[in-house]
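Numbering (the numbering used here), first residue to last: 2 to 288.
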């Protein structure tokens, strides 16, 4: 546990030295830029910190520009919608109010919603119900892979392979266990066994010879360290894939549902117009 203690000591020293606060500031700045796609807010804060004149500008038109820019960036940050201008922001808000759609629903449509229009893109009308099945299944597949990789990464057993038979197994300092078998303890190497361990007699002999001729604890420790690094990278890749395919599924499904809601709303409005027209036609003409 010395390695963990030393890492904890290092992190404690960094936090006490103010590095932890600096990291939080950098993360906050990265979040602001990612949500707004602009460095205006960050640079304004830096300018205000170093500027000799920290009061408000005496130029009225510049103050108005700053207020409008702040409103636009706040809308981007709060909603995640990267609208280009303040005019586009107002149009999106009005569209949502007019069509009875929440800003969050618009955001979930992703690229299927045209912020310039504003409104659903033409491709949204072509979405079928089964379009979201493929990314959903892929997200589930990568999720299961991430869980399996995490289980192996946190295990104290090393995942190794027998060179002779190419069989994978989990190795600890006291025993060897194949996938789908009970395995055996190294203390029983000197004894013959009729128990089904999941290994052939030859495989068992090879493992016992390797244990007797080398330091098994070093092999296991080195294997555990290597697989934690390797599976750590694999887990990160799996998490990225999960986020990518889940976002694809969510955007596809959200756009399909919004299109259905809008189509239903337009159909009801059309029926009302037709009914009103028929009523006017059937009304008797005044003499």
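Positions of the beta carbon are idealized from the N, C-alpha and C atoms, including for glycine.
Computed from a predicted structure; not experimentally measured.
Residue burial is scored here from C-beta neighbours: residue 112 has fewer than 16 other C-beta atoms within 10 angstroms and is therefore classed as exposed. The residue from 159, 151, 64 and 116 with its alpha-carbon nearest to that of residue 219 is 159. Ranking 109, 139 and 40 by CA distance to the CA of residue 125 puts 109 first.
Boundaries of the alpha helix (DSSP H) harbouring residue 210: 202-214, taken from the DSSP string. Going by beta carbons, residue 104 and residue 80 fall inside the 7 Å limit. Secondary structure of residue 120 (DSSP, three-state): strand.
Look at residue 67 here: in three-state DSSP terms it is helix. In the structure shown, residue 171 falls within a strand segment according to DSSP collapsed to helix, strand and coil. When DSSP reads this structure, residue 136 sits in no beta bridge, so it has no partner.
In the structure shown, residue 192 falls within a coil segment according to DSSP collapsed to helix, strand and coil. Measuring C-alpha to C-alpha distances from residue 237 to each of 276, 143, 202 and 263 identifies 143 as the nearest.
Under the criterion of beta carbons closer than 8 Å, residue 224 and residue 172 qualify as touching, at roughly 7 Å. According to the DSSP assignment, residue 160 belongs to the beta strand (DSSP E) that extends over 159-162. Here residue 204 really is in contact with residue 168; their C-beta atoms are around 6 Å apart, less than 8 Å.
Per DSSP, the unbroken beta strand (DSSP E) holding residue 178 starts and ends at 176-179. Listed in chain order, the non-local C-beta contacts of residue 97 below 7 Å within the same chain comprise 103, 104 and 107, local neighbours out to five positions each way being set aside. Membership of residue 48 in the alpha helix (DSSP H) is indicated by the continuous run 41-51. In this structure, 117 is the residue among 117, 261 and 72 with its C-alpha nearest to the C-alpha of residue 89. Around the beta carbon of residue 140, 16 or more other beta carbons sit within 10 angstroms, so the residue counts as buried.
Distance between residue 222 and residue 155, taken at the CA atoms: about 13 Å.
In this structure, the straight-line span from the alpha carbon of residue 165 to that of residue 138 is close to 37 Å. Rounded to whole angstroms, the separation of the alpha carbons of residue 123 and residue 271 is 21 Å. Taking the Cβ atoms as the reference, residue 212 lies roughly 5 Å from residue 187, within the contact range of under 8 Å.
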